[in-house]
Amino acid sequence: MKRGRTVALCGGVGGAKLAYGLSRVLAPEELTIIVNTGDDFEHLGLAISPDIDTVLYTLAERADDTRGWGRADEQWTVMQELARLGGEQWFRLGDRDIALHLLRTQFLRAGKTLTQTTLELARCLGVAHPILPISDDPVRTIVHTDQGDLAFQHYFVRERCVPQAHGYSYAGAQTARLSAQVRTTLQDDGLRGIIVCPSNPYVSIAPMLAVPGVREQLRACRAPVLAVSPIIGGRALKGPAAKMMSEAGAEVSALSVARLYADFIDAMLLDIEDSALAEQARHDDPKLVCEPTVMRTREDRIALARTCLSLLDQLRH
Ligand code: GDP
Ligand code: CA
Numbered sequence: 225m226k227r228g229r230t231v232a233l234c235g236g237v238g239g240a241k242l243a244y245g246l247s248r249v250l251a252p253e254e255l256t257i258i259v260n261t262g263d264d265f266e267h268l269g270l271a272i273s274p275d276i277d278t279v280l281y282t283l284a285e286r287a288d289d290t291r292g293w294g295r296a297d298e299q300w301t302v303m304q305e306l307a308r309l310g311g312e313q314w315f316r317l318g319d320r321d322i323a324l325h326l327l328r329t330q331f332l333r334a335g336k337t338l339t340q341t342t343l344e345l346a347r348c349l350g351v352a353h354p355i356l357p358i359s360d361d362p363v364r365t366i367v368h369t370d371q372g373d374l375a376f377q378h379y380f381v382r383e384r385c386v387p388q389a390h391g392y393s394y395a396g397a398q399t400a401r402l403s404a405q406v407r408t409t410l411q412d413d414g415l416r417g418i419i420v421c422p423s424n425p426y427v428s429i430a431p432m433l434a435v436p437g438v439r440e441q442l443r444a445c446r447a448p449v450l451a452v453s454p455i456i457g458g459r460a461l462k463g464p465a466a467k468m469m470s471e472a473g474a475e476v477s478a479l480s481v482a483r484l485y486a487d488f489i490d491a492m493l494l495d496i497e498d499s500a501l502a503e504q505a506r507h508d509d510p511k512l513v514c515e516p517t518v519m520r521t522r523e524d525r526i527a528l529a530r531t532c533l534s535l536l537d538q539l540r541h
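If you count the sequence shown from 1, you need to add 224 to reach the numbering used here.
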């Protein structure tokens, strides 16, 4: 029997690693990856979509895993010259990365949607699995901090997440429409399941949930919805998720992530390190499951993908 499609919702690094694992065990017609666009912005006249790029580069096996962003085997001639000329320096773009941004900007200026553009860039990079931005309309994360409201990249890159964050808004989300492709994917009656990847709940997953229809579709979905915690043993493996959680006044734990998603997930996958935490919580709803979730190697990513798929299949029965 033909298996239904699996949908992965993801941000950048954490999400892309699981999306990579899924892409190695599922055929392109069995997987759709829906990506956050809340980090997107324009810089030096270029259209930049950081999470989409991380997913594209990771699936194409061209990501720089050590740096955590951009392309492997990168060169910096443009940035060096820009520095000499006195151009803006706070956001770094490698030469190869710039080439991709030139193409994206050209496609968008020519009137293609972000969805068409992303699918075209995936084709250029040899990525066959569909990667879809959550919306073709702009959604922009704004971080409300003790130093005022900051556009996401200003908070994240320029200010290095130092300001205290007391809230988030997702400009444009309220009026953003789901693309036809995302809508059709989420409404598919034959889905195998939906996986919320181990991505930052505030700035990778929440901007997507803020687009009208997404949360509702997840709640109404007949197929199981499983989330993987990005918080392990009270820490984030990378990035500001733990700092954001504590500044939001929540306990820094996988359970806090489960609470944020409680209305639409059937189960939450916690790391094996959090077994005692899961035992104490003994929630029935959502169901808590503990398995290894740290993805250091390519094999780890594939193993976690298999774990998620088998959990989805168990949840369905
Ligand atoms: P960003 O957009 O690049 O910040 O990436 P995401 O939002 O997709 O992912 C960031 C989150 O991924 C952080 O909170 C990390 O703790 C989490 N993360 C990174 N690597 C792993 C991993 O191997 N396993 C798990 N469970 N979480 C991870
Ligand atoms: Ca991101």
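Just so you know, even glycine gets a beta-carbon here, dropped at the ideal spot from N, CA and C.
Report task. Tell me, please, whether the segment 318–334 touches the segment 353–360 by the rule of three or more beta-carbon pairs shorter than 8 Å. Result -> no
Query raised in the report: When DSSP builds the beta bridges, which residues end up paired with residue 257?
Result: As computed with DSSP, residue 257 is found in a beta bridge with 232 and 355.
Query raised in the report: Hey, is the segment 259–269 in contact with the segment 375–388, meaning 3+ C-beta pairs nearer than 8 Å?
Result: yes
Query raised in the report: Whose beta carbon lies closer than 6 Å to any heavy atom of ligand 2, going through the chain in order?
Result: 235, 236, 263, 274, 275 and 428
**Report entry** residue 454 CB to nearest heavy atom of ligand 1 below 7 Å
**Finding:** yes
Report task. Mark residue 325 as exposed unless 16 or more other C-beta atoms lie within 10 angstroms of its C-beta, in which case mark it buried. Result -> buried
Query raised in the report: Going along the chain, which residues of its own chain have a beta-carbon closer than 7 Å to the beta-carbon of residue 515, five neighbours each way excluded?
Result: Correct list, in chain order: 493, 496 and 531.
Requested in this report: Compare the Cα-Cα distances from residue 359 to each of 500, 511 and 260 and report the closest residue.
Outcome: 260
Query raised in the report: How would you label residue 430, buried or exposed, when you count the other beta carbons within 10 angstroms and need 16 or more for buried?
Result: buried
Query - Own chain, CB closer than 6 Å to residue 239, minus 5 neighbours either side, in chain order - result: 421 and 423
Query raised in the report: Excluding the five sequence neighbours on either side, which residues of its own chain have a C-beta within less than 6 Å of the C-beta of residue 298, listed in chain order?
Result: 318 and 320
Query raised in the report: So what does DSSP say about residue 449, is it helix, strand or coil?
Result: strand
Query raised in the report: Excluding five sequence neighbours on each side, which residues of the same chain lie with their C-beta closer than 7 Å to the C-beta of residue 460?
Result: If the five residues before and after residue 460 are omitted, its C-beta is found closer than 7 Å to the C-beta atoms of 454 and 466, all from its own chain and listed in chain order.
Query raised in the report: Cα-Cα, which of 330, 389, 369 and 398 is closest to residue 363?
Result: 398
Requested in this report: Assuming residue 280 contacts residue 327 (C-beta within less than 8 Å), just tell me the rounded distance between them.
Outcome: Actually they do not touch by this definition, with Cβ atoms about 11 Å apart.
Report task. Starting from residue 412, trace the alpha helix (DSSP H) both ways and give me its first and last residue. Result -> Premise fails: residue 412 is in no alpha helix (DSSP H) and is neither H nor E.
Report task. Inspect the beta-carbon positions of residue 435 and residue 488 and report whether they are closer than 8 Å. Result -> no
Report task. Taking residue 423 as part of the beta strand (DSSP E), name the residues at either end of that continuous run. Result -> Neither: residue 423 is in no beta strand (DSSP E) and is coded neither H nor E.
Report task. With DSSP collapsed to three states, give me the class of residue 462. Result -> coil
Report task. With a threshold of 7 Å, establish whether the CB of residue 431 neighbours any heavy atom of ligand 1. Result -> no
Query raised in the report: Closest to residue 498 by CA distance: which of 538, 485 and 518 is it?
Result: The option with the nearest alpha carbon to residue 498 is 518.
Query raised in the report: For the putative contact between residue 478 and residue 501, defined by C-beta atoms under 8 Å, what is the C-beta separation to the nearest angstrom?
Result: 7 Å
Query raised in the report: Nearest to residue 445 by alpha carbon, out of 539, 394, 395 and 387?
Result: 539
Query raised in the report: Would you call residue 490 buried or exposed, if buried means 16 or more other Cβ atoms sit within 10 Å of its Cβ?
Result: buried
**Report entry** Closest by C-alpha distance to residue 447, when choosing among 458, 437, 483 and 410
**Finding:** 410
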